[in-house]
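Below: one structure, written as structure tokens.
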């Protein structure tokens with residue numbers, strides 16, 4: 001039944017988000033990471049600009065995961081048997097999530113870099129942590145593993 005009132009439409013949207021969180025493992029990971037990042041940002045008292053940028057990055061990743069899930073469900077409906085183009089559509093949608101996640105990780109790294117321990121580069125005489133290639137690589141690897 002098609003919703004006729006605004007509140008019914010909002011309820012359908014919330015049901016879609018909840019279904020995605022219940023059924024999609026990566027959405028749960030992204031959601032938990034988002035809550036953790038935003039709570040940490042509040043606890044560390046990041047600037048308003050840093051917090052807004054992190055919130056935008058989190059929103060972008062969650063949005064990408066929701067769109068990815070919608071595309072996967074639609075492709076499964078239209079093409080229940082394997083088809084190379086169906087697989088390609090799913091891969092491209094997953095790629096969008098990966099791009100958003102890497103961007104969010106870089107943004108998170110830049111926002112939190114001044115709080116990272118100095119052992120990320122201090123022992124080798126490398127620049128402070130916010131410039132350490134090892135720290136940047138670590139953030140990107142963790143993101144790719146979670147995604």
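Residue numbers (the working numbering): 1 to 147.
For each residue, glycine too, the CB sits at the ideal point set by N, CA and C.
Within a 10 Å sphere around the beta-carbon of residue 59 sit fewer than 16 other beta-carbons, which makes this residue exposed. In terms of Cβ geometry, residue 27 and residue 65 form a close pair [threshold 8 Å].
Separation of residue 25 and residue 78 (C-alpha to C-alpha, rounded to the nearest whole angstrom) is 23 Å.
Annotated as proximal: residue 111 and residue 46, with beta-carbon spacing under 8 Å.
Straight-line spacing of the CA atoms in residue 92 and residue 6 works out to 32 Å. Cβ contact annotation for residue 89 (same chain, cutoff 7 Å, sequence separation greater than five): 71, 75, in chain order. Rounded to the nearest angstrom, the gap between the Cα atoms of residue 44 and residue 96 is 30 Å. In this chain, the alpha helix (DSSP H) harbouring residue 9 covers 6-23. For residue 90, the enclosing alpha helix (DSSP H) has its first and last residue at 84-112. For a cut-off of 8 Å, the C-beta gap from residue 54 to residue 38 is around 7 Å, short enough to register as a contact.
DSSP, read as helix, strand or coil, puts residue 81 in coil.
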